[in-house]
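Here is the structure we will look at.
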Amino acid sequence: MTKKIHPAVVSAQPFQVANLRPIDRLFEDEEGKDRLEKAVSRYPDKRAALLPMLAYAQERNGWVSPDSMEQVAEALELTPAFVRSVATFYTMYNKHPTGRHMIQVCTCVACHLCGGDDVFQAFLQATGTRAGETSDDGRYMVMEAECLGACGFATAVQINDQYFENVTPETVGDVLASLEEEGE
Amino acid sequence: MGYPHSHELEVGTILSRHFGDESARRLETWQEYGGYEALRAAVKMDATEITGIVKDSGLRGRGGAGFPTGLKWSFMPQEPNGPHYLCCNADESEPGAFKDREILRWVPHLLIEGCLIAARAIRAEHVYIYVRGEYFPYTRILNDAVVEAYEAGYIGADILGSGWDCELTVHIGAGAYIAGEETGLMSSLVGGRAEPRVKPPFPAQSGVFGRPTTVNNVETLAAVPMILTEGAEWYRQWGTERSPGTKLWCCSGHLERPGTYELPLGVPLRDIIYDVCGGIPGGRKLKAVIPGGSSTALLTADELDCASTYEGMQEAGSSLGTASPIVMDEDTNIVRAIRRTAEFYAHESCGQCIQCREGTAWVAKILHRIETGGGRLADIDTLYDLCEQLTGRTICVLADSVVFPLRSSLDKFRADYEALIGGRP
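Protein chains in written order, with our numbering: chain A, 4 to 187; chain B, 87 to 511.
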């Protein structure tokens, strides 16, 4: 389903989502062409569309594969090496496929003070995974996150494009259940 | 006002008046609240006039450095020989800070209006709002508001029939603290790694796309519309001569009522912690507070009677920073808390400067060793030495940022370090 996206916000689309729409060739269908064209139109230099296009690759496929990086490089007339150097600089571009629900538990200083580490452990236990590993059913991947910018609502947890606040080890089960209810 | 709690010191509510009110996100409601009136006034003024009002108001940058906003704008070339750009820094990622997200989430149109007025003041033809990648839910809200504002003719060609054109684009990052540093943000926006660069050239000479650029924080820009409509003197009724106005305080850690509060600058830090935030749960005592976000020197329970102004916090030996106190109660393991803070900087170092790339990781490693019982007394000297090596020797201040909490913790809580070390030489 292609949504009509205003050019002003095409470079700001959430790119960590549960509902993937995998595609091999990023810029050959109508949506890909539209995204590329609109993003490029917002900057005096094509290169500035690099982050938005890496984001688009992840929005569709759930990660940014070496092949996606090459396609982005070609589309923006950049070298694959440069694109790779940029893609690997930023932590939010997944360099490997992840679980459908990417669970990032903030354990930075404010959440850490308020029990973030325990929440992190509770998520690992509830999902039966180890940090950074995808669960056998492909559903979950749990990671520690640096400050999520919700320090007054410790512990903050980001799951894909959603924020969960004031999470405690006791409410971890509810959080996971709410993901399933959404039927994702 | 504040979010999610209110407080009784409701004297200054410029930014937070509509926090918690979801309807304020919609343009229709926002206009009923008087939204975009300031823009209407601004399109009838010239750049010098707008800059003059903001200069007179004394508004200072809310991103941490506190540079006077009007002065910053006046550095932009007065007679453009090509495009100028405004970057709104919404890459909020200082541990402890979560004020900009409340602006994005509750009053996106206030930010958009502030961006447009600032753009007019610096003669910018395009505004880029660089939002941190993780803020997906708030970016969605901002995106909706931007589209509404475009459709209503507040952004784009011939704004409000004035003949003035200005575009605005929302651009999201992808998880890099250093993209919040002004030159790092510019490197990132143009499609590179978010590596800071040496200044000069300053952004006003050569910024994004090699053109004159101003980078302003979200909270700074959101304060602009009301300064324009109500005037500089009105804004100066709050705060002090050198720190006028109101400020969003984001309070976290061991507090009864953590959250964001808008307060006039100058309220004693003690009152913010005990009156506004209700003190520490269970009546426990305060051990330390990092007052301005994780890159500021920590203060002890005896040092809270300082005014919450740029100058007041400096006199107290710390810094206002992003006004994000992280409170630690008496049971806090300081070494552990500083270790966790140091790990953040080690993780976020961009790696260009050796002192920072290696030094921040060494600090984290040594602190971890001390915390887990493998430390030696000599480690304390090594940490002090690292503080020297990490200060003032790098392109940006990320390395300096780890020194402030580290050195102050060594100075003020040496006994805590020594207790964990247990006398091993």
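Ideal Cβ placement from N, Cα and C applies to all residues, glycine included.
Given the structure is predicted, the values throughout are model-derived calculations rather than measurements.
Query	Result
Taking the alpha-carbon positions, what's the Thr512 (chain B) to Ala235 (chain B) distance?	Only positions 87 to 511 of chain B appear in the structure, and residue 512 (chain B) is not among them; the question remains open.
Just to confirm before moving on: does the CB-CB distance between Ile412 (chain B) and Cys154 (chain A) stay below 8 Å?	yes
Does DSSP put Ser273 (chain B) in a helix, in a strand, or in coil?	helix
With a 10 Å radius around its C-beta and 16 neighbouring C-beta atoms as the bar for buried, classify Leu355 (chain B) as buried or exposed.	buried
List the residues of chain A that Cys337 (chain B) touches, going by C-beta distances under 7 Å, in chain order.	Gly155
Alpha carbons only, please: which of B:Val140, B:His340, B:His257 is nearest the one belonging to Glu316 (chain B)?	B:Val140
Mind pulling the chain A residues with CB within less than 9 Å of Val232 (chain B)?	His9, Ala11, Val12, Ala15
Counting Cβ pairs closer than 8 Å, one from the stretch 328-346 of chain B and one from the stretch 77-88 of chain A, do we hit at least three?	no
Mind checking if Thr94 (chain A) is an interface residue toward chain B, Cβ cutoff 8 Å exclusive?	yes
In chain order, what residues of the stretch 393-426 of chain B put their CB closer than 9 Å to some CB of chain A?	Ser410, Ile412, Val413, Met414, Asp415, Thr418, Arg422, Ala423, Ile424, Arg426
Identify each residue in the stretch 253-271 of chain B for which the Cβ-Cβ distance to at least one residue of chain A is less than 9 Å, and report them in chain order.	Glu253, Leu254, Thr255, Val256, His257, Ile258, Gly259, Ala260, Gly261, Ala262, Tyr263, Ala265
Hey, does His115 (chain A) have any beta-carbon neighbour from chain B nearer than 8 Å?	yes
Can you tell me which of the three DSSP states Val483 (chain B) falls into?	coil
Please say whether Gly200 (chain B) and Val310 (chain B) have beta carbons closer to each other than 8 Å?	yes
Residue ranges of each beta strand (DSSP E) run of no fewer than 3 residues wholly in the stretch 255-314 of chain B, ordered along the chain?	299-303
Residues bridged to Gln161 (chain A) by DSSP?	A:Gln107, A:Tyr166
Could you check whether the Cβ of Glu149 (chain A) sits closer than 8 Å to any Cβ belonging to chain B?	yes
Closest to Lys7 (chain A) by C-alpha separation, out of A:Thr110, A:Ala21, A:Lys36, A:Leu23, would be which residue?	A:Lys36
As an exercise, report each continuous beta strand (DSSP E) stretch of at least 3 residues that is fully enclosed by the stretch 188-231 of chain B, in chain order.	212-217
Restricting to Cα atoms, I'd like to know which of A:Ala52, A:His99, A:Pro83 is closest to Val67 (chain A).	A:His99
In three-state DSSP terms, what is Pro367 (chain B)?	helix
Closer than 6 Å by C-beta to Asp486 (chain B): which residues in its own chain qualify, once you throw out the five before and the five after it? Chain order, please.	Thr477
Relative to chain A, which residues along the stretch 186-220 of chain B have a C-beta separation below 9 Å, given in chain order?	Asp186, Arg187, His212, Tyr214, Ile215, Val217, Arg218, Gly219, Glu220
Would you verify that the beta carbon of Glu187 (chain A) is, or is not, closer than 8 Å to some beta carbon of chain B?	Summary for Glu187 (chain A): the model assigns pLDDT 47, below 50, so the residue's position carries little reliability; its value from the coordinates is reported in the next sentence. No - not a single Cβ of chain B is within 8 Å of the one on Glu187 (chain A).
Are the CB atoms of Thr2 (chain A) and Val145 (chain A) nearer to each other than 8 Å?	With chain A covering only 4 through 187, there is no way to say anything about residue 2 (chain A).
Taking only three categories from DSSP, how would you classify Glu253 (chain B)?	strand
Chain A partners of Asn175 (chain B), CB-CB under 8 Å?	The contacting residues do not exist; Asn175 (chain B) stays about 13 Å from chain A at best.
Around the C-beta of Ser494 (chain B), are 16 or more other C-beta atoms found within 10 angstroms, so that it is buried, or is it exposed?	buried
Do you know how far the Cα of Leu127 (chain A) is from the Cα of Val421 (chain B)?	26 Å
Since Glu178 (chain B) meets chain A, which of its residues come closer than 8 Å, beta carbon to beta carbon?	Gly152
To the nearest angstrom, how far is the alpha carbon of Met4 (chain A) from that of Tyr321 (chain B)?	With a pLDDT of 44 at Met4 (chain A), under the threshold of 50, the predicted position of this residue should be treated as unreliable, though the coordinate-derived value follows. Whole-angstrom Cα-Cα distance: 49 Å.
Taking CB distances under 8 Å as the criterion, tell me whether Glu114 (chain B) reaches chain A.	no
So is Arg87 (chain A) in contact with chain B if we call contact Cβ pairs under 8 Å?	no
Quick one: is Pro154 (chain B) near chain A, going by C-beta distance under 8 Å?	no
For Tyr166 (chain A), go through chain B and note every residue whose CB falls closer than 7 Å to its CB, in chain order.	Pro223
With DSSP collapsed to three states, give me the class of Glu147 (chain A).	strand
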